[in-house]
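Here the protein sequences line up with chains A and B, keeping their order. The opening residue of the first sequence carries number 3 in the working numbering; numbering runs sequentially from there. The opening residue of the second sequence carries number 1481 in the working numbering; numbering runs sequentially from there. Glycine included, each C-beta is placed from N, C-alpha and C at the ideal position. Shown next, in structure tokens, is the structure this report addresses.
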Amino acid sequence: VTQRTIACALGVLALAGVASCALVALGRSDWGNDYVGIWGLKAQAIERSGRLDAVFAVDRPGDFSHPEYPLLWPVVLAVLRGLAGDGRDLVAPLLFPILCGIASLLAFRATRAGLAARALAAATVALLPFYRVAHLSGYAEGLLVVWLLAAVGEIDALERSAWSRVRLAAFLSAAAATKQEGLLAAAAAIGVLLVAGRLRAGVTAAAGVGLLSVAPWQVLRALHPSPHRDFALGALDPGNLAVALGVVFTEGVLPNAALFLCAAGVLAAAPAVVRRRAGVLLAVGLFVAAILAGFLFTLHPPRYHVAYSFARWGFVATACLVPLVAEAVDEASRSRPAAARTGVG
Amino acid sequence: VRGVGALAARVGVRRGLSAALASLALWILSLDALRPFGQLRALASGAETLLFLPPRERFLHCGGFRFDRGFGLALLRLDAELPADAEATLELAPNLKSDIVNFYRFRAAYALAPRNVHVVHADLAGGRYRLAGGAPGRSEKPVP
């Protein structure tokens, strides 16, 4: 059996993942609360008014619309809803499988290994459970993962290509303009780049994120202040960390223990991939650590806050690790002498 | 990859692939294909009315009252009537729980965007609701 045969079979699985995502999204007509109360609401406000600042008018006290969330996803939805005319309410469910397919292709692109391993990454991303939950179809994480997988795909070329550095900066800026978790991921990536001595890439990305995403959004936010907060320094409670870790363990790790153990085992058997991809591993670790640290300062009941958000930020972190695990499968499946001959490992 | 290949060769690649695809097709069918395409149906009937209630339920039970789809229809009508910069007032019975109030509130905001929606708790006999500038909505008697 050739790599191409295996890749074809995995390609079929990836297509099946995208197709089932479309069936799930279009098969339901109920929207998730975060779509109706945040993303879709803001898209509707922008589309109907033609003004960005309309997002602050729909919920002046900021009780449910999260005025602090950045606007790239509502703007994308608003533009497409405007183009779709009477079909505007199909935009979010139709975008869901499209974003799933793009993320799958970007995982293929980001994987530095043989054809079969790249197809494995594509199929794995397309089959992630997030894409089979109908009410998540209008949520921002679908777009966020696209930007982050695109960024992972640039890592290897940063030293030899100025365009790659510009693309990385653009992708991280877009991630930061999509959701706060994107800003956290961008900050983690920039920190790792700077510590690793990739100064040009780190500075370019920091400048892009700061000037294109953070600064304009903070100016707009300052013009429309809102009392709404999910976190506050004064709410610090160290006990929240134990609660957060408990929820992550019982609701995330335990139900998927076999998958996590397999991934950990494969990574342990692929030291070359771990060495080569240490930066991405560290950035994902920092991203998860920053999210968990955030729960120390939550103003919500911590168990509720973690349980409500875990599936989404867990999905973001998992998707970014998929190319690495696929590369590790590729390395671990080769015999060491063969790997030595080909210079891999 | 070589190990996977050897295993696949032992099982029979074609047979294995056929079984995998058949399983996948069955799984997809069991999930969705037998379910009506709700979004398309919603589009045909005015999707926003369906935002207020689960699609296959006529009534939503909350706070001791049950509300029907007339609520969503009232919002749709107001959508055309209210100027874009108008403030809409949503009056809800005072005994509704805060999460139910929020549920109505952001759905009203979605339907009426970009208008701001105030929620007012009014002592409305029978749990009626009303939007400023529109006819009072319809609700049923409290559920015992």
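LEU12 (chain A) places its beta carbon 7 Å or farther from that of ALA128 (chain A). In terms of Cβ geometry, ALA244 (chain A) and SER215 (chain A) do not form a close pair [threshold 7 Å]. HIS226 (chain A) is classed as exposed because its beta carbon has fewer than 16 other beta carbons within 10 Å across all chains shown.
Bounds of the alpha helix (DSSP H) holding ASP332 (chain A) are 304-335. A distance below 6 Å between beta-carbons, with the five flanking residues on each side excluded, links ALA118 (chain A) to the following residues of its chain, in chain order: GLN5, ILE8, ALA9. At the C-beta level, LEU151 (chain A) and ALA109 (chain A) come within 7 Å of one another. The residues TRP41, ALA142, LEU145, THR180, in chain order, have a CB closer than 7 Å to that of TRP75 (chain A) in the same chain once the five nearest residues on each side in sequence are set aside.
Excluding its 5 nearest sequence neighbours in each direction, ALA121 (chain A) has C-beta neighbours in its own chain below 6 Å: ALA9, LEU12, GLY13, listed in chain order.
Nearest to CYS23 (chain A) by alpha-carbon distance, out of A:SER51, A:ASN258, A:ALA280, A:LEU130, is A:LEU130. The straight-line gap separating the alpha-carbon atoms of GLY116 (chain A) and ASP332 (chain A) is approximately 7 Å.
Here VAL197 (chain A) is actually not in contact with VAL249 (chain A); their C-beta atoms are around 30 Å apart, not less than 8 Å.
For ALA1502 (chain B), no chain A residue has a Cβ inside 8 Å of its Cβ, as the nearest lies near 12 Å away. Every alpha helix (DSSP H) of 4 residues or more that sits fully in the region 98-134 of chain A is shown, in chain order, as 117-128. In this structure, the beta-carbon distance from ALA334 (chain A) to VAL268 (chain A) falls below 7 Å.
In its chain, beyond the 5 residues on either side, LYS44, ALA47 have a beta carbon closer than 6 Å to the beta carbon of VAL57 (chain A). Close to TYR1590 (chain B), with beta-carbon spacing below 8 Å, are these residues of chain A in chain order: VAL38, GLY39, GLY42, LEU43, GLN46.
Ranked by Cα distance from GLY241 (chain A), the options A:LEU294, A:GLN182, A:ALA191 are led by A:LEU294. CA-CA distance, ALA159 (chain A) to ALA203 (chain A), rounds to 10 Å.
The shortest CA-to-CA distance from VAL290 (chain A) to any of A:LEU185, A:ASP232, A:ALA272 is the one to A:LEU185. Pairing LEU238 (chain A) with ARG162 (chain A), the inter-Cα distance amounts to about 44 Å. Here PHE251 (chain A) is exposed: its Cβ has fewer than 16 other Cβ atoms, across all protein chains shown, within 10 Å.
Contact note: ASP232 (chain A) does not reach chain B at a C-beta cutoff of 9 Å; the least C-beta distance is about 15 Å. Taking all protein chains in view, the Cβ of LEU15 (chain A) is crowded by 16 or more other Cβ atoms within 10 Å, so the residue is classified as buried. By a beta-carbon distance limit of 8 Å, ASN1596 (chain B) contacts VAL60 (chain A). Their separation comes to about 6 Å.
DSSP places LYS181 (chain A) in no alpha helix (DSSP H); its state is neither H nor E. The alpha-carbon separation between ALA1499 (chain B) and LEU25 (chain A) amounts to approximately 21 Å.
Annotation: the continuous alpha helix (DSSP H) that includes GLU49 (chain A) extends over 42-51.
Of the candidates A:TYR306, A:ALA321, A:LEU326, the residue whose Cα lies closest to the Cα of TYR133 (chain A) is A:ALA321. Taking C-beta atoms as the reference points, ILE104 (chain A) and VAL148 (chain A) count as a pair closer than 7 Å.
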